[in-house]
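Q: Take a look at the following structure, please.
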Amino acid sequence: MGLRHTLDFLLYDWLRAGELTSRSRFADHSRETFDAVFDTCERIAREKYAPFNRTLDIEEPRFDGEKVILPKASKEAYDAFAASGMLSAAQDYEIGGMQLPYTVESAAHTFFAMASVSMGSGMLTVGNANLLMVHGTELQKSVFALNEFSGRWSGTMCLSEPQAGSSLSDIVTRAVPDGGDFASDPLGARYRLKGNKMWISAGEHDLTENIIHLVLAKIPGPDGKLIPGTRGISLFIVPKQLVDTRGQLTGVRNDVALAGLNHKLGWRGTTNTLLNFGEGKFPVQGQAGAIGYLVGRPHEGLSCMFHMMNEARIGVGMAATMLGMAGYHASLDYAKNRPQGRLVGPSGKDASQPQVRIIEHADIKRMLLAQKSYCEGALALELYCARLVDEQHTGEPGAANEARMLLEVLTPIAKSWPSEWCLEANSLAIQIHGGYGYTRDFPVEQYWRDQRLNMIHEGTHGIQAADLLGRKVVMAGGEGLRMLALRINGTIERAIQRPEFAEYANALGGALQQVGAATKAAWATGDAREALANAVPYMQAFGHMVIAWMWLDVALSIPAGAAQPPAHVGRLAATRFFYRYELPKIGAWLNVVSSRDATCADMPEEAF
Ligand SMILES: Cc1cc2nc3c(=O)[nH]c(=O)nc-3n(C[C@H](O)[C@H](O)[C@H](O)COP(=O)(O)OP(=O)(O)OC[C@H]3O[C@@H](n4cnc5c(N)ncnc54)[C@H](O)[C@@H]3O)c2cc1C
257 MGLRHTLDFL LYDWLRAGEL TSRSRFADHS RETFDAVFDT CERIAREKYA PFNRTLDIEE
317 PRFDGEKVIL PKASKEAYDA FAASGMLSAA QDYEIGGMQL PYTVESAAHT FFAMASVSMG
377 SGMLTVGNAN LLMVHGTELQ KSVFALNEFS GRWSGTMCLS EPQAGSSLSD IVTRAVPDGG
437 DFASDPLGAR YRLKGNKMWI SAGEHDLTEN IIHLVLAKIP GPDGKLIPGT RGISLFIVPK
497 QLVDTRGQLT GVRNDVALAG LNHKLGWRGT TNTLLNFGEG KFPVQGQAGA IGYLVGRPHE
557 GLSCMFHMMN EARIGVGMAA TMLGMAGYHA SLDYAKNRPQ GRLVGPSGKD ASQPQVRIIE
617 HADIKRMLLA QKSYCEGALA LELYCARLVD EQHTGEPGAA NEARMLLEVL TPIAKSWPSE
677 WCLEANSLAI QIHGGYGYTR DFPVEQYWRD QRLNMIHEGT HGIQAADLLG RKVVMAGGEG
737 LRMLALRING TIERAIQRPE FAEYANALGG ALQQVGAATK AAWATGDARE ALANAVPYMQ
797 AFGHMVIAWM WLDVALSIPA GAAQPPAHVG RLAATRFFYR YELPKIGAWL NVVSSRDATC
857 ADMPEEAF
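Numbering (the working numbering), first residue to last: 257 to 864.
Shown next as structure tokens:
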């Protein structure tokens, strides 16, 4: 099935996205307007993204010492994307938005991610501007956020430093007040920043006339020393080109300099940069120090930034899903066309017969079904989370709160599960291609390389797992986990009404019980070191339970009946595959969690 067909089914038949139009915020919309958005995005992705995916991989961004050079296709794709209005799709009409539900916006982004993930579809820019809409002043919104939504400027998030990635409390970028009148700058309290930011995506390019960096830095305490921990961190807007209160460029370059580009395994269409802030390459009024405007209150920068990071995590999960989907579709196509070998009959193989196409081999079908169950299961989860975001924003207070709690628990899974399992899907896509898959003549090796990033950025796999087991499932006395269990039980109750799903309902009930018991056992001694030593196996089991839940819930939206169209036969087979081949794995993962197995934690360094 093509992506559009799968999306239509998940959105309209399963999630009932059409019902969102009964909410006042979305009242002007209808299925027709949603479909028109998908038509436009599908067309731009087909014409401006897909044909250039390999070009971006081969023609990596180059820095000539003055500027960064990207392939011509990057600018054309960016302009087409910005002109489509998708950067402000979810915003209010008054500021030029379309008031689209986030569910629809997320679904629309799938076309771009599948066609060329590193070409980008404004995830950082939109996240940056959204953050300012929540935490910025009125002027910061109109000067910075609105110019990002229009596509005139782009945005970054600058958290990581060479010595501080996972541990942001150890950043050392400093921000000091800029002059006696620093507090009265209309664009926000004005500081001078000095420090280095590593790994900054889209940190330098010429796609837009300005780049708006959102930078985490520490304001020193009264003793001039940086405050230890995350408490000391504040957030600043640092434009590459300084601007006035009407959003016009002043012609003064801010003191932000590109130190160099990182040369990546994949995802090469997006520049990745080491940026030096305030080292004096572009002095402002004769002084070194990058000008930055405070966002929100001092020392509350990380919690503001989390606003952007949560959205970014669902975005990463969706990108991972679509890279997996791209590999699935490519390998499906290959398997249907590649003749190789013969089927074994009761009396062996008959070499006088023509070869079969490899899709006829059971092992190839296994690899295709694995990919289908991972990628379409992940897509269901990402759309489900997007629907929760809409509920959080437009639902009744009780429902909005429930959605918020569920999102807390599900976000680490939405980010991490596709990052791991759609990477496995990409590996299987290579396997199906045999030797050809290992060459650059076919697209699947690039999908794998592009995908490998997702377990690293936006919180590594290990950090997400610690967040899930260390914080999310125990927060508010385990309320988020309890709400999730209620929803899963709701699906199980509906499934036991249908005999063909009874096997899955029982298995899912067992998995839920196992995860609940393992959560308690992990924390039985209250010692975080013991509990978290096996956080990743816990997250793997939790994620598999969630995806099994998604598949059963999706399957329930297929009307009962013996004769099903191929699309439904495929969904039912993917559900069966996931329950028979994947869900049983959780036992092994949870064993080490429940026993607080110390094999890894106790391994002496010198014994490696
Ligand atoms: C292509 C790319 C794009 C990126 N884009 C951006 C961007 O736009 N903006 C930005 O700010 N950053 C960006 N990053 C940075 C990214 O978020 C970091 O690489 C990531 O947070 C990990 O930090 P690190 O590389 O310093 O690795 P480290 O933090 O040193 O981690 C190394 C390993 O140690 C593990 N580890 C670390 N601490 C712990 C712990 N406490 N417990 C258990 N295990 C631990 C990690 O899980 C990991 O496996 C990007 C990175 C890449 C590669």
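The C-beta atom is built at its ideal place from N, Cα and C for all residues, glycine as well.
Leaving out the 5 sequence neighbours to the left and right, which residues in its chain are closer than 6 Å to Ala576 when beta-carbon positions are compared?
A: Cβ neighbours of Ala576 beyond the five flanking positions: Pro674, Ser675, Cys678, Asn710.
Q: Is Leu449 close to chain B? Criterion is C-beta to C-beta, closer than 8 Å.
A: You won't find chain B in this structure, because it holds only one protein chain.
Q: Ala431 by DSSP, collapsed to three states: which one?
A: Note: Ala431 maps to strand in three-state DSSP.
Q: In angstroms, rounded to a whole number, what distance separates the CA positions of Val551 and Ile493?
A: Going from the Cα of Val551 to the Cα of Ile493 covers about 7 Å.
Q: Between the Cα of Gln419 and those of Gly691, Ile814, Trp455, Ala445, spot the shortest distance and give me the residue it belongs to.
A: Of the listed residues, the one whose Cα sits closest to Gln419 is Trp455.
Q: Grouping DSSP H, G and I as helix and E and B as strand, with all else coil, what is His585?
A: In this structure, His585 counts as helix in the three-state DSSP scheme.
Q: Say the cut is 7 Å; is the CB of Met244 nearer than that to a heavy atom of ligand 1?
A: For residue 244 there is no data in the structure shown, the boundaries of the chain being 257 and 864.
Q: Below 7 Å, is the gap between the Cβ of Cys414 and the nearest heavy atom of ligand 1?
A: Under cutoff, so the answer is yes.
Q: For Met370 and Tyr584, I'd like the C-alpha separation in whole angstroms.
A: Between Met370 and Tyr584, the C-alpha separation is close to 11 Å.
Q: Per DSSP, Trp409 is paired with what?
A: According to DSSP, Trp409 bridges with Asn466.
Q: Our contact map puts Lys453 next to Val432 with C-beta atoms below 8 Å; I'd like the distance itself, whole angstroms only.
A: The Cβ separation is near 17 Å, so there is no contact.
Q: List the DSSP bridge partners of Leu415.
A: In the DSSP output, where bridge partners are listed per residue, Leu415 has none listed.
Q: Tell whether a beta-carbon distance below 8 Å holds between Ser374 and Gly525.
A: Yes, they are a contact pair.
Q: Curious, which full-length alpha helix (DSSP H) runs of at least 4 residues does the segment 763 to 820 contain?
A: Runs of the alpha helix (DSSP H) inside the segment 763 to 820: 784 to 788, 791 to 812.
Q: Is the CB-CB distance between Gly766 and Ala681 below 8 Å?
A: No, the Cβ-Cβ distance between Gly766 and Ala681 is not below 8 Å.
Q: Expressed to the nearest angstrom, what Euclidean distance is found between the alpha-carbon atoms of Glu632 and Glu862?
A: Using only the alpha carbons, I get a separation of about 44 Å.
Q: CA-CA distance, Phe834 and Phe798?
A: In a straight line, the C-alpha of Phe834 is about 14 Å away from that of Phe798.
Q: Counting only runs that start and end within the segment 302 to 339, where is the alpha helix (DSSP H) found for 4 or more residues in a row?
A: Complete alpha helix (DSSP H) runs here, min 4: 309 to 314, 328 to 339.
Q: Have a look at Met667 and Glu735 and give me their C-alpha separation to the nearest angstrom.
A: Note that residue 667 is Thr in the sequence shown here, rather than Met. Whole-angstrom Cα-Cα distance: 15 Å.
Q: Taking Asn528 as the reference, give the member of His461, Ile570, Asn593, Arg569 with the closest Cα.
A: Comparing Cα positions, the closest option is His461.
Q: Specify, as a first and last residue, the run of the alpha helix (DSSP H) that Arg643 falls within.
A: Where Arg643 is concerned, the enclosing alpha helix (DSSP H) stretches over 618 to 650.
Q: How is Leu482 classed by DSSP in three states: helix, strand or coil?
A: Note: Leu482 maps to coil in three-state DSSP.
Q: On the DSSP bridge assignment, give the partners of Ile493 in chain order.
A: Beta-bridge pairing links Ile493 to Leu470, Tyr549.
Q: In angstroms with no decimal places, state the Cα-to-Cα distance between Val499 and Met413.
A: Spanning the two alpha carbons is a distance of roughly 19 Å.
Q: Based on DSSP bridge pairs, tell me the residues matched to Leu517.
A: Per DSSP, Thr529.
Q: Phe368 to Leu259, Cα distance in whole Å?
A: Roughly 12 Å separates the two Cα atoms.
Q: Any chance the CB of Ile719 is under 7 Å from a heavy atom of ligand 1?
A: The answer is yes for Ile719.
Q: Closer than 7 Å to a non-hydrogen atom of ligand 1 - does that hold for the CB of Ser422?
A: Within the cutoff, so yes.
Q: For Gly507, name the three-state secondary structure that DSSP assigns.
A: Gly507: strand per DSSP, three-state reduction.
Q: For the candidate residues Ile669, Arg836, Trp523, whose alpha-carbon lies nearest to that of Gln720?
A: Considering only alpha carbons, the answer is Ile669.
Q: Are at least three pairs of beta-carbons, each pair with one atom in the segment 528 to 539 and one in the segment 350 to 366, less than 8 Å apart?
A: With a cut-off of 8 Å, the segment 350 to 366 and the segment 528 to 539 do not count as touching, because too few Cβ pairs lie within range.
Q: For the 8 Å Cβ check, are there 3 or more pairs between the segment 820 to 836 and the segment 618 to 634?
A: Output reads yes: the segment 618 to 634 touches the segment 820 to 836.
Q: Is the closest heavy atom of ligand 1 to the C-beta of His713 under 7 Å?
A: Because some heavy atom of ligand 1 lies under 7 Å away, the Cβ of His713 counts as near it: yes.
Q: How big is the Cα-Cα spacing for Ala659 and Val390?
A: In a straight line, the C-alpha of Ala659 is about 19 Å away from that of Val390.
Q: Output yes or no for whether 8 Å exceeds the beta carbon distance between Glu838 and Ser672.
A: Not a contact, by the Cβ cut-off of 8 Å.
Q: Please tell me whether, using a cut-off of 7 Å, the distance from the CB of Leu896 to the nearest non-hydrogen atom of ligand 1 is below it.
A: No statement about residue 896 is possible, as the shown extent of the chain runs from 257 to 864 and does not include it.
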